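Enquirer:
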Amino acid sequence: MALMQISEPGMSPEPHQARLAVGIDLGTTNSLVATVRSGVPAVLPDAHGRPLLPSIVRYFADGRVEVGYAAQARQADDPKNTIVSVKRFMGRGVKDAAHAENSPYDFVDAPGMLQIRTVAGVKSPVEVSSEILRVLRSRAELSLQGNISGAVITVPAYFDDAQRQATKDAGRIAGLNVLRLLNEPTAAAIAYGLENAAEGTYAVYDLGGGTFDISILKLSKGVFEVVATSGDSMLGGDDFDQRVFCWAVEQAKLPPLDPRDMRRLLVKAREAKEHLTVHGEAPITAKLSTGEVVDLSLDTETFCSITQTLVQKTLGPVRKALRDAGLRVEDVKGVVMVGGATRMPQIQRAVGEFFRRDPLNNLDPDKVVALGAAMQANVLAGNKPQGEDWLLLDVIPLSLGIETMGGLTEKIIPRNTTIPAGRAQEFTTFKDGQTGMSIHVVQGERELVSDCRSLARFELKGIPPMAAGAARVRVSYQVDADGLLSVSAKESTSGVEASVTVKPSYGLGDADIERMLRDSFEHAREDMHARALAEQRVDGQRLIEATRSALAADGNLLGGEERAPIEAAVAALEKLLKGTDHRAIRKAVEALNHATEDFAARRMDQGIKRALAGRKIGSL
Amino acid sequence: MQNHFELFGLTPAFAVEGEALERSYREIQSKVHPDRFAHASDAERRASLQWTTRVNEAYRTLKNPVQRARHLLELHGVDVAFETNTAMPPEFLMQQMELRESLEEATARKDSSRIDSLRKDLGREKQLLEKAIADAIDVRKDYRGAAGLVRKLQFLDKLDNEIDAAYETIE
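Here's what the structure looks like:
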């Protein structure tokens, strides 16, 4: 019989309170939020018990915003202001957006990322996505009855830096503490792998509404290791709808359609596609605004033949991923199917034939990503004791490179490198007295810079004038665990640090984000100051806890005179936490972070030493 | 700064035991990975990012035979000099040219089974060369001689990449 444990009065440890953490699948067609409760991952439904939230946002002239089923129901009435599949526009310019000609939107071509003109003003895809995330956040807060301490948001594995950054920004604007961006197939592998105690090499074939990913993973006890990933961030279920739409326009010999009819017919095309998953034939009937009636019937055979090239298009990346992994088809133990579009029988068939085995469909392809994200969020929140958690090793999907002479790319971090990853390069000046230098970072596999995606142009200024070739400028590239790149530079010979001007070629500057945050607060009628204070307090409290537990565990790494400034910084922060000055709290948080820098590095070194010592003893 | 072998607690040698390397890599990662520090202080998160980056780089280097050999030879004061030293024995160059020609022909004819067999041959050649490198470095301690073999192996790696590109072309 277990005895109740009673601790000495005043010595009782803080009861371990699990942090509320959620996983969010921000999908092209539908979005979901999930969490782990009492060890079990579950999708959180809305008040009507519906697990999915259609990723559709409608803007009204009075500033109201409608998200989900309500917006979906009326999409054909107000196509210009009802944004569907916004994920396809994240981090993309107008010329990158597929089917832009079949879109009812009024695009504004902003540098780097397109924007959409609505009755409520010009909206960036980041803002539209943040509306979806905000609904999911309040759904979770309502259902869990507390503030969310952190969220894992999933992204297609094949998303580039611009698309990832845009997703993270959307999370921030929605008021979420984004713990990690997690690749969708990896999230699915976690959910599948843990559910089935899978070991060995698995492929995850993930065909969503707008994106296609293939990831090859090695699963072993406690480790999920992505060995290669590939895909197409402009290929998904939407493209099948487009094929059906074009077929219908051709069959019915329709003239160019207005935006409403276009949306009406696209909705019918999608319904027909879904109908064909279980039936041999699907009706496509619609009454257009011209009074004309479309009345067609699409059979499976025709559907397969008009979409056959799309199905084939997914197999190229599958072959490439296998090659990059150095594996053959027969090395793959199972193929996990993810994404609503994998319900189409022709996809199931093609994948089964390619891998020469039946695909695994035992998890709901709509929910598996959100469930895996929730499980990872639970680990990141620290709710799992060591030993029961796992190690996740993911990769960068596309090579990072810089522009060299003649518009050619030089790769600095090749695709499928395990992240976090870094690389440093040294440059010198070309002319006497040169004080500036410009570096162009691109992402992609092609040799010509113009065929790759431009990520950023960096201008290094303030290099001290020297003879040509004498300066030493060290540029460091760092890709973090979210797959996001940062760059820093310094000139070393003179000891002068060159200033770095960062000019991202895409996306949002800090000023844009500030503005969107402000707008969103006005919109949500939240008090920005109160929110900032609450956030800083949580941050500060968290940091004090982390510092105290570090001191308790490894205080022996510090001499007495080293410990004092850390304790002083803790005390200073603790005092400010009782006040209401969020800026002062923030400063004190920064000061404490600064004071513990050396200590943190020493703790890390010690962790490694212990890991190695453990290994040696274990292998005796 | 420790060298890559020391980091993983391994004896510096070309013939590394893959399993020991992997085990050690995973043990260190489970201590330093950013996933362990999602709620930690900025200072700890930065330290974690730096360490993980370094551990990943070291692991990548030791897993790849050419990079591993290069690192090892550098520890012995020998520069492999891929960029500057391109002199190769004529018969090796002849053989390389023939292989590339066969690859081009196979690509033009979209003959994937021919490319498959070229890849198989190449795999065997690489294995032989890796054995020779292990012998030169670990047994005979002939580091200069090993450098020449490593340059050859790098040639073969390049051909391997060209085979990947060929598959992509014909698909």
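Protein chains in written order, with our numbering: chain B, 2 to 621; chain E, 45 to 215. All residues carry an ideal CB built from backbone N, CA and C; glycine is no exception. Since the structure is predicted, the reported quantities are computational estimates derived from the model, not experimental observations.
From what residue to what residue does the alpha helix (DSSP H) around E:R80 run?
Expert: Translated into the one-based positions of the second sequence, residue 80 of chain E becomes position 36. Unbroken run through E:R80: none, as it is neither H nor E.
Enquirer: Below 7 Å CB to CB, which residues in the same chain sit around B:G223 once its five sequence neighbours on both sides are set aside?
Expert: Residue mapping note: residue 223 of chain B aligns to position 222 of the first sequence, counting from 1. Excluding sequence neighbours, B:G223 sits near W391 and L392.
Enquirer: How would you call E:I214, buried or exposed, if buried means at least 16 neighbouring beta carbons within 10 angstroms?
Expert: Residue numbering aside, residue 214 of chain E sits at position 170 when the second sequence is read from its first letter. Its Cβ having fewer than 16 others within 10 Å, E:I214 is exposed.
Enquirer: By the DSSP assignment, the alpha helix (DSSP H) with B:P42 in it spans what residues?
Expert: The count along the first sequence starts at 1 and reaches residue 42 of chain B at position 41. Premise fails: B:P42 lies in the beta strand (DSSP E), V41 to V44, not in any alpha helix (DSSP H).
Enquirer: If we cut at 7 Å on Cβ distances, does E:T97 have a partner in chain B?
Expert: Your numbering for residue 97 of chain E matches position 53 in the second sequence. Closer than 7 Å: yes.
Enquirer: Taking Cβ positions, are B:V153 and B:L134 nearer each other than 7 Å?
Expert: The residue given as residue 153 of chain B occupies position 152 in the first sequence. The residue given as residue 134 of chain B occupies position 133 in the first sequence. Against a cut-off of 7 Å, the Cβ pair of B:L134 and B:V153 comes out as no contact.
Enquirer: In whole angstroms, what is the alpha-carbon distance linking B:T625 and B:A229?
Expert: In the structure as shown, chain B begins at 2 and stops at 621. Residue 625 of chain B is therefore absent and cannot be evaluated.
Enquirer: According to the neighbour-count rule (16 or more other Cβ atoms, all chains shown, within 10 Å of its Cβ), is B:T494 buried or exposed?
Expert: Within the first sequence, residue 494 of chain B is the residue found at index 493, counting from 1. By the 10 Å Cβ count, B:T494 comes out exposed.
Enquirer: Taking C-alpha atoms, which residue in E:A102, E:W95 and E:Y211 lies nearest to E:S157?
Expert: Along the second sequence, read from residue 1 onward, the residue named residue 157 of chain E stands at position 113. Of the candidates E:A102, E:W95 and E:Y211, the one whose C-alpha sits nearest the C-alpha of E:S157 is E:Y211.
Enquirer: Can you list, in chain order, the stretches of the beta strand (DSSP E) that have 3 or more residues and sit fully within the region 159-196 of chain B?
Expert: 179-184
Enquirer: Can you tell me where the alpha helix (DSSP H) holding E:Q171 begins and where it ends?
Expert: Here the question's residue 171 of chain E lines up with position 127 in the second sequence. S156 to A178 is the extent of the alpha helix (DSSP H) around E:Q171.
Enquirer: For B:Q542, does the three-state DSSP call read helix, strand or coil?
Expert: Taking the first sequence and counting its residues from 1, the one referred to as residue 542 of chain B is at position 541. In this structure, B:Q542 counts as helix in the three-state DSSP scheme.
Enquirer: For B:T168, tell me which candidate among B:A62, B:G147 and B:V129 has the shortest Cα-Cα distance.
Expert: For the purposes of this step, residue 168 of chain B is taken as residue 167 along the first sequence, with counting starting at 1. Answer by Cα proximity: B:V129.
Enquirer: Got a sec? Which residues, its chain only, sit under 8 Å from B:V503 by beta carbon, not counting five neighbours each side?
Expert: For the purposes of this step, residue 503 of chain B is taken as the residue at position 502 of the first sequence. In this prediction, B:V503 has a pLDDT of 45, which is less than 50 and means its spatial position is unreliable; what the coordinates show is noted afterwards. Result list for B:V503: A457, F459 and V488, in chain order.
Enquirer: Could you please give the first and the last residue of the uninterrupted alpha helix (DSSP H) stretch that includes B:E591?
Expert: Start at 1 with the first residue of the first sequence, and residue 591 of chain B comes out as number 590. It spans H583 to A596 - the alpha helix (DSSP H) in which B:E591 sits, taken as one unbroken run.
Enquirer: Over the uninterrupted alpha helix (DSSP H) stretch that includes B:E448, give me the two end residues.
Expert: Position 447 of the first sequence, counted from the start, is the residue given in the question as residue 448 of chain B. Note, B:E448: premise wrong, no alpha helix (DSSP H); not H, not E.
Enquirer: Do you know whose CA, among B:K491, B:G176, B:V41 and B:R357, lies nearest B:T336's CA?
Expert: Here the question's residue 336 of chain B lines up with position 335 in the first sequence. A quick correction: the sequence has Val, not Thr, at residue 336 of chain B. Nearest C-alpha to B:V336: B:R357.
Enquirer: Step through the CB atoms of chain B and report whether any lies within less than 7 Å of the CB of E:G189.
Expert: The residue labelled residue 189 of chain E in the question sits at position 145 within the second sequence. No, no contact with chain B.
Enquirer: On the criterion of 16 or more Cβ atoms from any shown chain inside 10 Å, does E:L172 qualify as buried, or is it exposed?
Expert: Taking the second sequence and counting its residues from 1, one reaches residue 172 of chain E at position 128. Exposed.
Enquirer: What residue from B:K579, B:H49 and B:D452 has the CA that sits closest to B:S144's CA?
Expert: Counting from 1 along the first sequence, the entry for residue 144 of chain B is found at position 143. When each option's Cα is compared against that of B:S144, the closest is B:H49.
Enquirer: Can you list the residues of chain E that B:K219 reaches, using a CB-CB cut of under 7 Å?
Expert: Along the first sequence, one-based indexing puts residue 219 of chain B at 218. Result: empty, since nearest Cβ-Cβ is about 10 Å, beyond 7 Å.
Enquirer: What would DSSP say about B:I397, mapped onto helix, strand or coil?
Expert: The residue given as residue 397 of chain B occupies position 396 in the first sequence. B:I397 falls in the coil class under three-state DSSP.
Enquirer: Is it true that the region 203-218 of chain B meets the region 274-284 of chain B, where meeting means three or more beta-carbon pairs spaced less than 8 Å apart?
Expert: no
Enquirer: Just grab the DSSP bridge partners of B:V414 for me.
Expert: Taking the first sequence and counting its residues from 1, one reaches residue 414 of chain B at position 413. Before going further, note that residue 414 of chain B is Ile rather than Val in the sequence given. B:L401.
Enquirer: Quick one: list the residues of chain B neighbouring E:R70, beta-carbon separation under 8 Å, in chain order.
Expert: Residue mapping note: residue 70 of chain E aligns to position 26 of the second sequence, counting from 1. Those within 8 Å of E:R70 in chain B are V224 and L392.
Enquirer: Let me know the secondary structure DSSP gives B:R118 once reduced to three states.
Expert: Working through the first sequence from its first residue, we reach residue 118 of chain B at position 117. Residue state, collapsed to three classes: strand.
Enquirer: Have a look at the DSSP bridge pairing and note the partners of B:S625.
Expert: Absent from the structure is residue 625 of chain B, since the part of chain B shown begins at 2 and ends at 621.
Enquirer: Alpha carbon to alpha carbon, how far is B:A565 from B:A35?
Expert: Taking the first sequence and counting its residues from 1, the one referred to as residue 565 of chain B is at position 564. Taking the first sequence and counting its residues from 1, the one referred to as residue 35 of chain B is at position 34. Rounded to whole angstroms, B:A565 to B:A35 spans 43 Å at the Cα level.
Enquirer: Are the CB atoms of B:V58 and B:I84 nearer to each other than 7 Å?
Expert: Here residue 58 of chain B corresponds to residue number 57 of the first sequence, with the count starting at 1. Here residue 84 of chain B corresponds to residue number 83 of the first sequence, with the count starting at 1. Yes.
Enquirer: Report the partner residues of B:M338 according to the DSSP bridge assignment.
Expert: Position 337 of the first sequence, counting from 1, holds the residue named residue 338 of chain B. B:M338 is bridged to B:Y206.
Enquirer: For the ligand NAD, is there a heavy atom less than 6 Å away from the beta-carbon of E:A87?
Expert: As presented, the structure is devoid of all ligands, the ligand NAD included, so that no description of it is given.
Enquirer: Could you tell me the distance, in whole angstroms, from the CA atom of B:S13 to the CA atom of B:L577?
Expert: Counted from its first residue, the first sequence places residue 13 of chain B at position 12. Counted from its first residue, the first sequence places residue 577 of chain B at position 576. In this predicted model, B:S13 has a pLDDT of only 37, less than 50, meaning its place in the structure is not dependable; the value taken from the coordinates is given anyway. Using only the alpha carbons, I get a separation of about 25 Å.
Enquirer: So with Cβ pairs under 7 Å, would you call E:H120 a contact of chain B?
Expert: Numbered from 1 along the second sequence, position 76 holds the residue referred to as residue 120 of chain E. No, E:H120 does not count as interfacial toward chain B.
Enquirer: Please list, in chain order, all residues of the same chain as B:L544 whose beta carbon is under 8 Å from its beta carbon, the five residues on each side excluded.
Expert: To locate residue 544 of chain B, count along the first sequence from 1; it is residue 543. Cβ neighbours of B:L544 beyond the five flanking positions: L574, V590, L593 and N594.
Enquirer: Buried or exposed: which applies to B:P466, given that a residue is buried once 16 or more other Cβ atoms fall within 10 Å of its Cβ?
Expert: Here the question's residue 466 of chain B lines up with position 465 in the first sequence. Looking at its Cβ environment, which holds fewer than 16 other Cβ atoms inside 10 Å, B:P466 is exposed.
Enquirer: Do you know whose CA, among B:V156, B:P105 and B:D26, lies nearest B:L485's CA?
Expert: Against the first sequence, residue 485 of chain B aligns to sequence position 484. B:L485 has its Cα closest to that of B:V156, out of B:V156, B:P105 and B:D26.
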